[in-house]
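Here is the structure we will look at, set down as structure tokens.
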Amino acid sequence: MPITATGLLNGTATPKFPAGAAGKLDVVTVGPLDRGTGGEAVLPIAIRNNTNAAVSHIDINGSARNPAGKLVANGNSQGTTPATLIPGQVALAFIYFEMGGNTPPANAKYAFTAQGTAPGTESFDSADLKVTEAERSGQRLVGTAKNTNSKALEGPYSVQAYCFSPSDKLLSEHGTYAEPDGPLAPGGSVSFSIDLYDQACPRFLVGSTAYFK
Numbered sequence: 178m179p180i181t182a183t184g185l186l187n188g189t190a191t192p193k194f195p196a197g198a199a200g201k202l203d204v205v206t207v208g209p210l211d212r213g214t215g216g217e218a219v220l221p222i223a224i225r226n227n228t229n230a231a232v233s234h235i236d237i238n239g240s241a242r243n244p245a246g247k248l249v250a251n252g253n254s255q256g257t258t259p260a261t262l263i264p265g266q267v268a269l270a271f272i273y274f275e276m277g278g279n280t281p282p283a284n285a286k287y288a289f290t291a292q293g294t295a296p297g298t299e300s301f302d303s304a305d306l307k308v309t310e311a312e313r314s315g316q317r318l319v320g321t322a323k324n325t326n327s328k329a330l331e332g333p334y335s336v337q338a339y340c341f342s343p344s345d346k347l348l349s350e351h352g353t354y355a356e357p358d359g360p361l362a363p364g365g366s367v368s369f370s371i372d373l374y375d376q377a378c379p380r381f382l383v384g385s386t387a388y389f390k
């Protein structure tokens with residue numbers, strides 16, 4: 178299933194991802210590590226739902242080992258885009274390695290574990306918005322996201338952009354929060370502006386997530 182099949186994401190990239198291992202939430206693509214100036218690091222990934230049921234609120238743990246097999250860093254995801262995956266669907270995510278610890282080396286070997294819960298529409302259950310516009314504006318990506326659910330949503334409205342090469346290889350992640358941040362009725366929209374910080378972003382996909390009110 179193409180990552181854009183649900184219509185929730187918007188952008189110019191049309192990546193294809195490996196099938197992955199059957200019967201599990203499986204990380205099928207790992208992008209390059211982005212080292213921050215404060216010692217933190219971000220690892221963009223793609224994860225496929227290869228179970229036979231829809232899954233939401235997916236948590237991913239990533240561990241990095243050096244070539245000798247020594248554990249050097251552990252990190253965790255900050256949600257997935259989209260937040261809910263039907264069987265066969267792919268989401269984009271990133272592993273955040275906190276500042277203060279060792280940064281994974283360039284030749285690190287990564288391992289991942291992932292788990293999620295059944296989707297719901299109760300308060301604070303994960304929800305997806307539909308990104309209806311996503312355009313380049315200099316070194317920013319600007320756009321709008323709409324609540325196409327039948328229930329109201331509550332912020333914060335996380336917006337994640339994933340950059341890809343001209344051949345649709347995963348490159349990097351950039352995020353922000355949409356405004357306004359109050360309750361959003363069905364049919365309502367929020368707007369966003371994502372700073373790319375002068376990083377290359379030839380092609381991109383943008384998604385937005387929140388919570389049911």
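Heads up: the sequence shown begins at 178 in my numbering, then just goes up one per residue.
Note that beta-carbon positions come from the ideal geometry of N, C-alpha and C, so glycine has one too.
1) Skipping 5 residues on each side, what residues in its chain have a beta carbon closer than 8 Å to that of Thr-294?
2) Just curious, the beta strand (DSSP E) that Lys-286 is in, first and last residue?
3) Figure out for me which residue from Ala-260, Thr-191 and Phe-389 has the closest Cα to the Cα of Glu-299.
4) Of the choices Gly-384, Ile-272, Gln-255 and Asp-375, whose alpha-carbon is the least far from that of Pro-221?
5) Note down, in chain order, each residue of its chain lying with its Cβ closer than 6 Å to the Cβ of Ser-303, except the 5 sequence neighbours on either side.
6) Whose CA, out of Ala-268, Ala-355, Phe-341 and Ile-371, lies closest to the CA of Gly-184?
7) In three-state DSSP terms, what is Tyr-374?
8) Under the DSSP definition of a beta bridge, which residues are partnered with Lys-307?
9) Assuming the contact rule is C-beta atoms closer than 8 Å, Asn-187 and Gly-320 should be a hit. Round their C-beta distance to whole Å, please.
10) Is it the case that the segment 272-292 contacts the segment 304-311, given that we only count it when at least three CB pairs across the two stretches are under 8 Å?
11) Since Arg-380 and Thr-189 are thought to touch, with beta carbons under 8 Å apart, how far apart are those beta carbons, to the nearest angstrom?
So, from the data block:
1) Val-232, Ser-233 and His-234
2) 286-294
3) Phe-389
4) Ile-272
5) Ser-233, His-234 and Ala-260
6) Ala-268
7) coil
8) Lys-323
9) 7 Å
10) no
11) 5 Å
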